[in-house]
Amino acid sequence: MNHSLRHELPRVLVARAVFPDIIDPLRGVADVETTPDDDICTPAVLRQRLADKHGAFITGSERIDAALLDACPQLKIISTMTVGVDHIDLAACAERGVTVTHAPDVLTETTADFGFALLLAAARQVGDAERFLRAGQWKKWSVDLFAGADVHGSVLGIVGMGRIGQAIARRAAHGFNMRVLYHNRTPLQAHIEQALGAEYRSLPDLLRQSQHVLLALPYSPAAHHLVGAAELAQMQAGATLVNIARGGVVDEAALAHALHSGQLGAAGLDVFEGEPAVNPVLLSAPRLVLTPHIASSSIPTRRAMAQLAVDNLLAVLQGQPPLTPVTG
Ligand code: DGY
618 MNHSLRHELP RVLVARAVFP DIIDPLRGVA DVETTPDDDI CTPAVLRQRL ADKHGAFITG
678 SERIDAALLD ACPQLKIIST MTVGVDHIDL AACAERGVTV THAPDVLTET TADFGFALLL
738 AAARQVGDAE RFLRAGQWKK WSVDLFAGAD VHGSVLGIVG MGRIGQAIAR RAAHGFNMRV
798 LYHNRTPLQA HIEQALGAEY RSLPDLLRQS QHVLLALPYS PAAHHLVGAA ELAQMQAGAT
858 LVNIARGGVV DEAALAHALH SGQLGAAGLD VFEGEPAVNP VLLSAPRLVL TPHIASSSIP
918 TRRAMAQLAV DNLLAVLQGQ PPLTPVTG
């Protein structure tokens with residue numbers, strides 16, 4: 618392509634290594650800088666790489682704040698392939714006229730599957746049992762060997778009843794014959810509650826009445842350590858806690874303490890405060906299943922998330938409305 622023409626194209630940074638066949642169509646409308654080594658940029662490097670860009674394809678690992686935006690005056694669109702947007706200062710983007718898009722819907726069912734996988738793995742102690750077997754410690758069958766809690770027919774409390782929370786509720790009610798309680802900023806409309814077979818509760822009531830509690834709410838400062846020592850103490854003895862929301866929602870030290878003391882039956886975490894670093898207190902806690910933020914990680918879903926992020930970039934760079942803008 619003629620060199621001078623290329624410079625008329627908008628410039629886009631794809632900040633991580635992404636399926637090349639999904640990125641390729643961007644090259645028709647933009648000058649694309651990719652990240653084949655998949656290194657996560659430090660804030661300074663991200664600022665430098667984005668300084669002359671009009672668009673950015675990011676994941677949850679890149680933090681977009683006011684200082685970065687001020688250093689990148691040509692930015693028109695930030696397209697994150699995540700549904701969560703807690704890594705982006707939305708107000709700062711709005712003030713500067715930068716469109717933010719995300720990837721809702723495409724990951725709902727895959728993430729709900731994983732939430733359920735983590736619930737089953739935690740309640741039935743799959744992680745500890747597998748480590749025990751691999752370590753050659755299995756010498757005899759015994760009556761109470763890794764005897765955990767039942768999931769089917771029990772009471773599940775879901776905190777955060779958005780798309781993913783509702784997909785989990787459907788699995789629980791229809792697949793596992795569970796009674797579903799939920800807590801949400803706003804109760805669902807009655808017909809949706811009815812279709813899901815879910816009952817609204819205040820957070821303290823949900824914690825007291827559920828045998829398993831699953832967190833699927835978006836992170837905001839108001840949700841920071843929503844589940845701490847006081848909330849864990851309100852949960853039923855032997856209950857399970859699963860977090861597929863964001864690490865900051867749970868006080869990890871209090872969680873480790875509740876597992877060590879036996880107050881909490883089991884827990885499953887896919888997200889961590891300060892990830893990818895994991896608080897060492899969690900690594901030694903019993904009956905705890907830990908996974909590296911992979912709830913949406915099936916190949917078709919990660920491809921669909923990337924595709925939607927690219928489609929949003931294509932739309933905005935060509936002067937069309939974004940497909941899935943972040944609103945509110
Ligand atoms: C999301 O999309 O927000 C998931 O947490 C994956 O990062």
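For the sequence shown, this note's numbering assigns the number 618 to the initial residue and increments by one for each residue that follows. Heads up, the beta-carbon is just placed ideally off N, CA and C, and yes, glycines get one too.
- prompt: With burial defined as no fewer than 16 other Cβ atoms inside 10 Å of the residue's Cβ, what is the status of P627: buried or exposed?
  reply: Working through the sequence shown from its first residue, we reach residue 627 at position 10. P627 is buried by the Cβ-count criterion.
query: Is the closest heavy atom of the ligand DGY to the C-beta of V646 under 6 angstroms?
result: For the purposes of this step, residue 646 is identified with residue 29 of the sequence shown, where counting begins at 1. Proximity of the beta carbon of V646 to the ligand DGY is not indicated: no heavy atom of the ligand is located closer than 6 angstroms.
- request: Please confirm whether any heavy atom of the ligand DGY lies closer than 6 angstroms to the CB of G677.
  value: Indexing the sequence shown from 1 puts residue 677 at position 60. Relative to the ligand DGY, the beta carbon of G677 is positioned inside 6 angstroms of a heavy atom.
task: Return the CA-CA distance between A926 and F889, expressed in angstroms with no decimal places.
output: In the sequence shown, counting from the first residue as 1, residue 926 sits at position 309. In the sequence shown, counting from the first residue as 1, residue 889 sits at position 272. Taking the straight line from one Cα to the other gives about 24 angstroms.
query: Does the beta-carbon of R904 have 16 or more other beta-carbons within 10 angstroms, so that it is buried, or is it exposed?
result: Along the sequence shown, read from residue 1 onward, the residue named residue 904 stands at position 287. R904 is classed as buried because its beta carbon has at least 16 other beta carbons within 10 Å across all chains shown.
message: Using a Cβ-Cβ cutoff of less than 7 angstroms, which residues in the same chain neighbour N794 once the five nearest sequence positions on both sides are dropped?
response: In the sequence shown, counting from the first residue as 1, residue 794 sits at position 177. Cβ-Cβ distances below 7 angstroms link N794 to H769 and G770 in the same chain, with the five nearest sequence neighbours on each side left out; the list follows chain order.
task: Output yes or no for whether 7 angstroms exceeds the beta carbon distance between V631 and A923.
output: Counted from its first residue, the sequence shown places residue 631 at position 14. Counted from its first residue, the sequence shown places residue 923 at position 306. Annotated as distal: V631 and A923, with beta-carbon spacing of 7 angstroms or more.
Option in H841, R666, N860 and P660 with minimal Cα separation from V629: Position 12 of the sequence shown holds residue 629. Comparing alpha carbon positions, the residue from H841, R666, N860 and P660 closest to V629 is R666.
message: Measuring straight from C-alpha to C-alpha, what distance separates R825 and S819?
response: Working through the sequence shown from its first residue, we reach residue 825 at position 208. Working through the sequence shown from its first residue, we reach residue 819 at position 202. Each residue's Cα considered, the two are about 10 angstroms apart.
query: Any heavy atom of the ligand GDP closer than 6 angstroms to the Cβ of G701?
result: Of the ligands one can find in the structure shown, namely the ligand DGY, none is the ligand GDP.
- prompt: Exposed or buried, what is H671 when buried is set at 16 or more other beta-carbons lying within 10 Å of its beta-carbon?
  reply: Within the sequence shown, the letter at position 54 stands for residue 671. Buried, by the Cβ-count rule.
message: Distance check for V717 and H620, CA to CA, integer angstroms please.
response: Taking the sequence shown and counting its residues from 1, the one referred to as residue 620 is at position 3. Taking the sequence shown and counting its residues from 1, the one referred to as residue 717 is at position 100. Unreliable placement is indicated for H620, whose pLDDT of 46 sits below 50; the coordinate value is still reported in the next sentence. Computed Cα separation, rounded: 30 angstroms.
message: At a cut-off of 6 angstroms, would you count S759 as near the ligand DGY, judging by its Cβ distance to the nearest heavy atom?
response: Here residue 759 refers to the residue found at position 142 of the sequence shown. No, since every heavy atom of the ligand DGY falls outside the 6 angstroms radius drawn around the Cβ of S759.
task: Might you give, ordered along the chain, the residues of its own chain that have their beta carbon closer than 7 angstroms to the beta carbon of T725, omitting 5 neighbours on each side?
output: Position 108 of the sequence shown, counted from the first residue, corresponds to residue 725. Correct list, in chain order: R780, I781 and A784.
- request: For A720, name the three-state secondary structure that DSSP assigns.
  value: What you label residue 720 is simply residue 103 of the sequence shown in a count that begins at 1. Looking at A720 - three-state DSSP - the assignment turns out to be coil, as it is neither helix nor strand.
- prompt: Would the beta-carbon of S913 be found less than 6 angstroms away from any heavy atom of the ligand DGY?
  reply: Looking up residue 913 in the sequence shown gives position 296. Taking 6 angstroms as the cut-off, the C-beta of S913 counts as close to a heavy atom of the ligand DGY.
Coarse secondary structure for D638, derived from DSSP in three states: Translated into the one-based positions of the sequence shown, residue 638 becomes position 21. Helix.
- request: Could you tell me the distance, in whole angstroms, from the CA atom of I639 to the CA atom of R920?
  value: As a first step, residue 639 must be located in the sequence shown, where it is residue number 22. As a first step, residue 920 must be located in the sequence shown, where it is residue number 303. One C-alpha to the other measures close to 8 angstroms.
Which residues DSSP lists as bridging I705, in chain order: As a working mapping, residue 705 is identified with position 88 in the sequence shown. Its beta-bridge partners are I681.
- prompt: Is the beta carbon of G885 sitting closer than 7 angstroms to the one on V859?
  reply: Residue 885 sits at position 268 when you count from the first residue of the sequence shown. Residue 859 sits at position 242 when you count from the first residue of the sequence shown. Going by C-beta atoms, G885 is nearer than 7 angstroms to V859.
Nearest-angstrom Cα separation, counted from I694 out to Q937: Indexing the sequence shown from 1 puts residue 937 at position 320. Indexing the sequence shown from 1 puts residue 694 at position 77. About 12 angstroms.
query: Quick one: is A752 buried, meaning 16 or more other Cβ sit within 10 Å of its Cβ, or exposed?
result: In the sequence shown, residue 752 corresponds to position 135, counting from 1. Exposed, since its Cβ has fewer than 16 Cβ neighbours within 10 Å.
query: CB-CB under 6 angstroms to A766, same chain, minus the five flanking residues each way: which ones, in chain order?
result: Within the sequence shown, residue 766 is the residue found at index 149, counting from 1. Excluding residues within five positions, the ones whose Cβ falls inside 6 angstroms are A740 and G882.
- request: Would you mind reading off the limits of the beta strand (DSSP E) that contains N801?
  value: By 1-based counting over the sequence shown, the position of residue 801 is 184. For N801, there is no enclosing beta strand (DSSP E), as DSSP marks it with neither H nor E.
- prompt: If you draw a straight line from the alpha carbon of M698 to that of T676, how long is it in whole angstroms?
  reply: Locating residue 698 in the sequence shown gives position 81, where the first residue counts as 1. Locating residue 676 in the sequence shown gives position 59, where the first residue counts as 1. Here the alpha carbon of M698 sits roughly 6 angstroms from the alpha carbon of T676.
task: On a CA-only basis, which of E810, D682, E848 and L872 is nearest A902? Give me that one, please.
output: As a working note, residue 902 is residue 285 in the sequence shown. If we check each option's Cα against that of A902, L872 comes out closest.
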